[in-house]
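Engineer:
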Amino acid sequence: MSAREPVRWGVLGTANIARAQLLPALAESGDVAVVVGGRDRDRTQAWAREHGVTRAVDGYQAVLEDPEVEAVYVPLPNPLHAEWAAAALEAGKAVLCEKPLTTNPVATRALLDVARTSGGLLWESFVFPFQAQHRRVVELIGSGAIGELREIVASFHFPVTRPENIRLSAPMFGGALADVGCYPMRLAHELFGQPLAEAQVAAELGVEVEVEAAGVLTYADGRRLLLTCGFRRQPETTTLLLGTEGTIRVDNPWHPTPGAQVEIRSSSSSEPVVESPTVDAHSFTAALRHVAAVLREGAIPEHLAATSALPVAQALRLAREAAGLPSDPSVAAGGAR
């Protein structure tokens with residue numbers, strides 16, 4: 009079987025996540041970044057040379073106007089997501105936009121409308137649903153391996169030490185809930201399939217944003233998500249799925265690497281079963297392969313933003329309000345349109 013033609017990606021900006029996550033995964037998936045656009049010409053050109061991107065152009069619009077580009081990655085500051093993801097869709101590009109997709113539910117609904125009316129493909133960059141580990145977890149729950157799933161206990165912590173880090177900026181819609189707390193919310197939406205009904209959240213504030221948060225989120229059918237997230241601990245992502253007949257422990261559900269374990273304990277067995285489904289070296293790889301399958305082979309798109317982005321945005325808003333945080337500080341600061 010002949011190798012497929014690589015999908016040609018354009019990158020908006022020189023964010024660290026593009027260097028650390030997207031580019032290595034493109035190499036693993038067999039695709040290619042053909043152009044990067046930025047507002048600082050010298051920096052953008054240096055970034056392209058350093059990371060093997062074919063071309064550097066001035067500004068983001070030049071990427072969208074490039075006829076060679078088929079798909080666009082949007083890792084810009086959070087308040088810019090909606091504007092540039094919409095522009096990319098209207099330019100006829102498939103779009104992978106970093107999370108959170110926008111800074112509030114109203115903007116999320118508007119961006120989803122752009123995707124619908126343009127007929128474009130829009131994914132929010134939660135890449136874990138595409139991974140073999142997550143698919144196995146979904147399969148286990150669907151098979152009744154732990155009975156009825158009743159509760160999720162999930163965490164996402166890592167240290168942020170530099171004060172200038174954009175995650176610590178209120179105008180940039182930073183904070184632990186928007187940056188990493190949204191991952192457990194995305195998982196709960198998929199596995200519970202219900203809207204969030206009530207949130208009880210406590211947050212520890214830094215200079216501008218919450219640097220840690222913990223809470224209980226209760227969904228419409230009474231099932232619960234217990235989450236903790238923050239920027240002050242060493243990396244911690246352990247997640248427990250608690251069912252009526254057992255539990256599933258996932259050591260790293262968000263960005264697993266080969267060897268990451270899924271442990272199943274069931275009332276029907278005295279010994280736990282341990283599996284390691286992850287094969288890809290990079291967490292974005294499976295998502296990029298899926299985009300390629302849609303564009304090259306006509307595969308049915310999965311996990312589009314339209315299936316989850318709005319309820320997750322609504323859950324994030326409720327969690328922030330429960331913690332006494334402003335719904336969208338970027339609006340007050342003039343950072344969102």
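In terms of the numbering used here, the sequence shown is residues 9 to 345.
Beta carbons: idealized from backbone N, C-alpha and C, even for Gly.
May I ask which residues mark the beginning and end of the alpha helix (DSSP H) holding H298?
Structural biologist: Note, H298: alpha helix (DSSP H), 293 to 305.
Engineer: What ranges does the beta strand (DSSP E) occupy inside the segment 25 to 59, keeping only unbroken runs of at least 3 residues that lie completely in it?
Structural biologist: Qualifying beta strand (DSSP E) stretches, in chain order: 40 to 46.
Engineer: Taking the beta strand (DSSP E) that Y81 belongs to, which residues open and close that run?
Structural biologist: Its beta strand (DSSP E) spans residues 79 to 82.
Engineer: Can you have a look at V19 and say buried or exposed, based on whether 16 or more other CB atoms are within 10 angstroms of its CB?
Structural biologist: Label assigned to V19: buried.
Engineer: Just mark S275 as buried or exposed, buried being the case when its beta carbon has 16 or more other beta carbons within 10 Å.
Structural biologist: Exposed: under 16 other Cβ atoms inside 10 Å.
Engineer: Check this for me: beta carbons of L204 and Q322, under 8 Å apart or not?
Structural biologist: Contact: yes.
Engineer: Pairs of beta-carbons, one from the segment 229 to 239 and one from the segment 165 to 172, closer than 8 Å: are there three or more?
Structural biologist: The answer is yes - the segment 165 to 172 touches the segment 229 to 239, with three or more Cβ pairs under 8 Å.
Engineer: Along the chain, where does the beta strand (DSSP E) that runs through A222 open and close?
Structural biologist: Taken as a continuous stretch (DSSP letters only), the beta strand (DSSP E) holding A222 covers 218 to 227.
Engineer: Can you grab the Cα-Cα spacing for the pair S278 / E159, in whole Å?
Structural biologist: Using only the alpha carbons, I get a separation of about 22 Å.
Engineer: What's the gap between the Cα of A340 and the Cα of P179?
Structural biologist: Legend: pLDDT at A340 = 47, less than 50; position of this residue unreliable, no value from coordinates given.
Engineer: Select from V161, S291, R325 the residue whose C-alpha is nearest the C-alpha of L234.
Structural biologist: Nearest option by C-alpha distance: V161.
Engineer: Could you give the C-beta distance for A153 and G254, rounded to a whole number, given that I count them as a contact under 8 Å?
Structural biologist: 7 Å between Cβ atoms; contact.
Engineer: Does any CB atom of chain C fall closer than 8 Å to the CB of V135?
Structural biologist: The structure shown contains no chain C; it is built from a single protein chain.
Engineer: So what does C237 bridge to, in DSSP terms?
Structural biologist: Partner(s): F164, A221.
Engineer: Per DSSP, what kind of secondary structure is A341 in: helix, strand or coil?
Structural biologist: Any answer about A341 is weak, because its pLDDT of 43 lies below 50 and its placement is not dependable; what the coordinates show is given next. In this structure, A341 counts as coil in the three-state DSSP scheme.
Engineer: Taking all protein chains shown into account, do 16 or more other C-beta atoms lie within 10 angstroms of the C-beta of T252, making it buried, or fewer, making it exposed?
Structural biologist: Answer is exposed; the Cβ neighbour count stays below 16.
Engineer: DSSP on S126, reduced to helix/strand/coil?
Structural biologist: Helix.
Engineer: Examine the Cβ distances between the segment 66 to 80 and the segment 89 to 104 and report whether three or more of them are shorter than 8 Å.
Structural biologist: Short answer: they touch.
Engineer: Using beta-carbon positions only, say whether A221 and A210 come within less than 8 Å of one another.
Structural biologist: Contact: yes.
Engineer: Does Q141 come out as helix, strand or coil in the three-state DSSP assignment?
Structural biologist: Correct three-state label for Q141: helix.
Engineer: Give the single residue among A35, R27, E244 whose Cα lies nearest to the Cα of E58.
Structural biologist: Ranking A35, R27, E244 by Cα distance to E58 puts R27 first.
Engineer: So, with DSSP's three-state summary, where would you put A102?
Structural biologist: Strand.
Engineer: Using only CA atoms, which one of S284, R232, R16, P75 lies nearest to L104?
Structural biologist: If we check each option's Cα against that of L104, R16 comes out closest.
Engineer: Looking at K107: is its Cβ nearer than 8 Å to the Cβ of F134?
Structural biologist: Yes. Within cutoff.
Engineer: Is it the case that the segment 302 to 314 contacts the segment 139 to 150, given that we only count it when at least three CB pairs across the two stretches are under 8 Å?
Structural biologist: No, they do not touch.
Engineer: Have a look at G214 and N86 and give me their C-alpha separation to the nearest angstrom.
Structural biologist: So the alpha carbons of these two residues sit roughly 19 Å apart.
Engineer: Hey, is the segment 42 to 56 in contact with the segment 114 to 128, meaning 3+ C-beta pairs nearer than 8 Å?
Structural biologist: They do not touch, by the three-pair rule.
Engineer: Taking just the CA atoms, how far does A99 sit from S126?
Structural biologist: Rounded to whole angstroms, S126 to A99 spans 9 Å at the Cα level.
Engineer: When DSSP labels each residue in this structure, what does W92 get in the three-state scheme?
Structural biologist: Residue state, collapsed to three classes: helix.
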